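Input: a single structure, listed below in structure tokens.
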Amino acid sequence: MGKVALITGVTGQDGAYLAELLLAKGYDVHGTKRRASSFNVGRVDHLFKEENGATPAFQLHHADLTDSTSLIRLVQDIQPDEIYNLAAQSHVQVSFETPEYTANADGTGTLRLLEAIRLLKLEGKTRFYQASTSELYGMVRETPQTELTPFYPRSPYAVAKLYGYWITVNYREAYGIHASNGILFNHESPIRGETFVTRKITRAVAAIEHGRLNKLSLGNLDARRDWGHARDYVEGMWRMLQQPAGDDYVLATGETHPVREFVTLAFSHIGRTIEWVGSGTEEKGLDARDGTLLVDIDPRYFRPTEVDLLLGNPAKAAEKLGWKATTPFEDLVREMVLSDVELLKTEPVRYSYRD
Amino acid sequence: MQQKTALILGVSGQDGAYLAKHLLSKGYKVHGSSRRDKYQRITNLDRLGIHDDVQIHSIQTDDFYSLFRTLRILRPDEIYNLSGQTSVGLSFEVPIETFASIANGTLNILECLRMLDIPTKLFNAGSSECFGNTPLPAAEETPFQPRSPYASAKAAAFWMTANYRESYGLPVCTGILFNHESPLRPSQFVTRKIISAAARISRGSGERLRLGRLSIYRDWGWAPEYVDAMWRMLQGDAMDDFVIATGQSQSLEDFVAVSFETVGLNWRDHVDVDASLFRPSEIDHSVGNPLKAQRLLGWKAEKGISAVIAELMSTELETAAC
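Quick mapping for you: the protein sequence lines, in order, are chains A and B.
Numbering-wise, the first sequence is residues 1 to 355 according to full-length UniProt numbering.
Numbering-wise, the second sequence is residues 1 to 322 according to full-length UniProt numbering.
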């Protein structure tokens with residue numbers, strides 16, 4: 001009999017890639033989504049298949065991490081072998097504006113799932129993956145960061161995730177649950193949320209290519225990130241739950257690139273060469289051919305507290321899981337730009353591309 | 001006269017979008033919030049062509065601080081609370097989140113107004129579901145008898161609002177709205193589900209439409225008219241609660257029959273009744289008495305059920321044709 005997996009937050013980038021991976025491995029996959037007043041299942045729409053009379057391999061349920069009993073009922077009904085907790089208020093900037101909700105969903109929400117496992121006496125059966133994040137390192141204590149680097153969270157989001165991290169460790173140690181944290185550094189893809197900087201860049205580049213937008217406004221161009229491809233990272237999540245015991249792992253590429261490099265590379269795929277002039281908030285990215293302004297700085301995009309250089313050391317994952325980020329940075333940027341150029345060909349024109 | 005400022009909590013839903021459009025047409029500066037954060041596009045505002053005319057904030061009404069910070073700065077003349085979990089069926093699955101988003105959410109708004117001591121008027125969206133079964137048309141004085149976690153939460157929010165008006169003199173009120181439909185209804189709502197399926201079947205999809213109990217009666221109106229009633233409720237000096245309804249009820253079977261007739265089909269050939277879609281506790285009969293609104297607000301529902309179905313179907317066929 002196939003295994004049963006529950007993915008919270010299946011409508012997000014990682015949820016969609018993970019659902020695809022698990023379905024390919026023969027799992028029955030159950031996903032959760034929150035209520036919403038508009039359509040938001042675009043990323044998993046292709047996973048629904050009509051199977052005459054048979055229970056479909058992919059099923060979507062309404063549940064909410066802030067609602068204990070909705071989680072308990074669901075876990076009881078489907079008796080999952082593996083739970084992947086990917087649901088969260090995942091936007092760092094938004095967490096400064098809705099800190100209470102962020103704590104409730106990202107921090108206490110993790111506790112509610114672990115409690116559901118415990119309450120239903122599934123400690124010996126259900127394995128648990130917690131989506132932890134490199135944002136936990138915040139004002140970094142050492143570089144590169146490993147599983148042993150102390151945390152220094154710098155946003156309500158990261159603080160909430162810190163609770164999620166430790167409560168996962170705590171339930172592993174206290175109740176013997178096979179529970180693991182994946183401390184994932186940034187991982188992107190063509191279905192990354194549009195508010196994340198990489199996708200914002202590739203969408204803007206595509207919009208410029210189609211003549212729908214004149215220029216791209218960004219925050220800190222010097223911020224460096226360790227960017228991998230989401231497809232590689234969900235493989236790492238799955239491997240963690242196949243180990244004999246739960247543990248915590250950094251998943252990262254081990255190399256960083258500044259936002260500026262991402263931008264330059266992205267524009268190269270629509271045949272534009274960027275020439276950077278000026279500095280600080282006055283810095284501009286011009287088209288090297290004719291001096292057209294393509295990129296400028298908008299200080300509104302600076303964070304109240306910026307994190308430092310995030311660079312992960314994935315040695316433990318390589319050694320114990322045999323896992324490695326395989327998609328090169330250049331390929332990631334190319335895939336994202338080309339996908340958005342294609343997408344914007346048919347996407348209805350929006351009233352603006354401002355966000 | 002100074003431009004008025006309104007804040008619509010829950011601007012991404014059907015009513016929020018229509019209300020935003022209505023207030024913009026009256027010259028208001030319109031702010032809105034959705035549980036989805038301010039960086040995400042709100043498709044219903046896009047559909048009405050007003051996305052960039054509404055300033056979006058990241059507020060969740062169950063996050064007190066997000067609400068308080070924004071209200072302290074905005075000090076809007078009017079707040080419309082349309083936020084919260086809106087599906088009766090889903091409220092049996094997520095009762096806690098339903099209560100938090102509706103009842104705690106409303107209480108947080110009232111507490112903000114009390115603490116900030118600002119003259120902001122509040123419209124709170126109540127629901128006909130609070131009445132439960134209504135053998136006779138329900139009016140403002142009809143006792144509540146909620147039959148779902150959703151309705152119970154809405155009843156709590158109603159009473160909390162009335163209490164803050166009476167205890168602290170806050171200019172706050174609840175509109176008890178009966179069902180009101182539009183093309184912006186999400187597809188899981190039964191009316192949209194019926195209209196969309198009838199349209200697809202008329203184009204040869206060959207599918208079967210599965211529905212729950214067909215014998216229920218509802219009072220269905222046209223959403224763009226109902227947002228006008230919300231606005232009118234805040235224009236007087238004395239705040240009061242009103243039932244907003246057409247005063248007519250129809251069975252769901254009639255709704256299905258007329259919808260299929262509109263596209264030249266007999267519903268009996270295409271619809272299956274599925275007991276698994278029955279709710280744990282269903283309301284058989286729901287109809288409102290809107291006379292008070294007519295008398296004191298000069299508001300009356302113009303579109304009846306046939307006109308509503310005709311509008312829904314014509315939009316559905318247009319959208320599908322693109």
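The C-beta atom is built at its ideal place from N, Cα and C for all residues, glycine as well.
Everything numeric in this text was worked out from a predicted model, so none of it was measured.
Minimum C-alpha distance to residue i - residue among the options
| i | options | result |
| --- | --- | --- |
| L113 (chain A) | A:E147, A:S70 and A:S268 | A:S70 |
| E318 (chain B) | B:G32, B:R75, B:R200 and B:G298 | B:R200 |
| Q13 (chain A) | A:A230, A:G278 and A:G271 | A:A230 |
| G221 (chain B) | B:L209, B:H180, B:V271 and B:R36 | B:H180 |
| A17 (chain B) | B:H51, B:Y28 and B:K29 | B:H51 |
| V172 (chain B) | B:E78, B:H31, B:T191 and B:D46 | B:E78 |
| V259 (chain A) | A:S279, A:L221, A:M240 and A:A266 | A:L221 |
| G49 (chain B) | B:S34, B:L24 and B:L110 | B:L24 |
| residue 356 (chain A) | A:G219, A:G211 and A:S155 | Outside the displayed range of chain A (1 to 355) lies residue 356 (chain A), so it cannot be described from this structure. |
| R192 (chain A) | A:T98, A:T281, A:G42 and A:R35 | A:G42 |
| D67 (chain A) | B:F64, B:H22, B:L71 and B:Q85 | B:Q85 |
| A310 (chain B) | B:D53, B:I195 and B:I216 | B:I195 |
Length of the line joining the Cα atoms of residue i and residue j
| i | j | result |
| --- | --- | --- |
| T98 (chain B) | A63 (chain A) | 11 Å |
| A100 (chain B) | D62 (chain B) | 6 Å |
| Y152 (chain A) | T120 (chain B) | 41 Å |
| L22 (chain A) | R224 (chain A) | 32 Å |
| V11 (chain B) | G32 (chain B) | 5 Å |
| N266 (chain B) | S58 (chain B) | 47 Å |
| E335 (chain A) | R203 (chain B) | 37 Å |
| A139 (chain B) | A125 (chain B) | 16 Å |
| D226 (chain A) | D46 (chain B) | 35 Å |
| R127 (chain A) | A325 (chain A) | 24 Å |
| H91 (chain A) | V10 (chain A) | 16 Å |
| N40 (chain A) | R239 (chain A) | 28 Å |
| D331 (chain A) | R75 (chain B) | 49 Å |
| S182 (chain B) | V308 (chain B) | 8 Å |
| D200 (chain A) | L338 (chain A) | According to the sequence provided, residue 200 (chain A) is Lys. The question's Asp does not apply to it. C-alpha separation (whole angstroms): 14 Å. |
| Y226 (chain B) | A36 (chain A) | 22 Å |
| K29 (chain B) | L170 (chain B) | 22 Å |
| R354 (chain A) | P190 (chain A) | Low confidence applies to R354 (chain A): its pLDDT is 40, below 50, so where it sits in the model is not reliable enough to give any reading. |
Local conformation of residue i per DSSP, three classes
| i | result |
| --- | --- |
| S352 (chain A) | Note that S352 (chain A) has pLDDT 45, beneath the 50 cutoff, so the model's placement of it is unreliable and the number below is only indicative. Three-state DSSP puts S352 (chain A) in coil, outside helix and strand. |
| Q130 (chain A) | strand |
| N44 (chain B) | helix |
| P135 (chain B) | coil |
| T174 (chain B) | strand |
| L309 (chain A) | coil |
| P80 (chain A) | coil |
| D241 (chain B) | coil |
| N108 (chain B) | helix |
| G16 (chain B) | helix |
| H91 (chain A) | coil |
| G288 (chain B) | strand |
| E275 (chain A) | strand |
| S34 (chain B) | strand |
| S249 (chain B) | coil |
| G89 (chain B) | helix |
| Q294 (chain B) | helix |
| V94 (chain B) | coil |
| L120 (chain A) | coil |
| Q55 (chain B) | strand |
| G164 (chain A) | helix |
The ligand GDP heavy atom lying under 7 Å from the CB of residue i
| i | result |
| --- | --- |
| D296 (chain A) | This structure does not include the ligand GDP; it has no bound ligands of any sort. |
Beta carbons nearer than 7 Å to chain B: which residues of the region 122 to 150 of chain A have them? Hits within the stretch: zero.
Does the region 294 to 312 of chain B come within contact of the region 136 to 146 of chain B, defined as at least 3 CB pairs closer than 8 Å? Taking 8 Å as the limit for Cβ pairs, the verdict is that the region 136 to 146 of chain B does not touch the region 294 to 312 of chain B.
Three or more C-beta pairs closer than 8 Å, one from the region 247 to 257 of chain B and one from the region 42 to 51 of chain B: is that the case here? The region 247 to 257 of chain B makes no contact with the region 42 to 51 of chain B, as fewer than three CB pairs between them are under 8 Å.
Short of 7 Å Cβ to Cβ, which residues in the region 82 to 97 of chain A face chain B? Taking 7 Å as the Cβ-Cβ cut-off, the region 82 to 97 of chain A approaches chain B at H91, V94 and E97, given in chain order.
In chain order, what residues of the region 93 to 109 of chain B put their CB closer than 7 Å to some CB of chain A? The residues in question are E93, V94, P95, I96, E97 and A100.
Would you call the region 124 to 136 of chain A and the region 183 to 193 of chain A touching, i.e. three or more CB-CB distances under 8 Å? They touch, by the three-pair rule.
The region 298 to 318 of chain A contacting the region 140 to 150 of chain A, beta-carbon criterion three pairs below 8 Å: Under the three-pair Cβ rule at 8 Å, the region 298 to 318 of chain A counts as touching the region 140 to 150 of chain A.
Pairing CB atoms from the region 252 to 266 of chain B with CB atoms from the region 232 to 239 of chain B, are three or more of them under 8 Å? They do not touch, by the three-pair rule.
For the region 151 to 166 of chain B against the region 100 to 117 of chain B, do three or more pairs of beta-carbon atoms, one drawn from each stretch, fall closer than 8 Å, so that the two count as touching? These segments touch.
Check whether the region 332 to 347 of chain A and the region 201 to 213 of chain A touch, using three or more Cβ-Cβ pairs below 8 Å as the test. Between the region 332 to 347 of chain A and the region 201 to 213 of chain A there are three or more inter-stretch CB-CB distances shorter than 8 Å, so the stretches are counted as touching.
Cβ pair count under 8 Å reaching 3, the region 160 to 171 of chain A against the region 112 to 127 of chain A: Output reads yes: the region 112 to 127 of chain A touches the region 160 to 171 of chain A.
Using a beta-carbon distance cut-off of less than 7 Å, what residues from the region 157 to 173 of chain A approach chain B? Cβ contacts with chain B: none found.
Chain B contacts from the region 189 to 200 of chain A (Cβ-Cβ distance under 7 Å): Those residues of the region 189 to 200 of chain A that come within reach of chain B (Cβ to Cβ, closer than 7 Å) are T195.
Interface positions of the region 100 to 113 of chain A facing chain B (Cβ-Cβ less than 7 Å), listed along the chain: The residues in question are E100 and Y101.
Would the region 154 to 166 of chain A count as touching the region 267 to 280 of chain A if we require 3 or more Cβ pairs under 8 Å? These segments do not touch.
Taking Cβ-Cβ distances below 9 Å as the criterion, which residues of the region 255 to 266 of chain B are in contact with chain A? If the cut-off is 9 Å between Cβ atoms, the region 255 to 266 of chain B has nothing near chain A.
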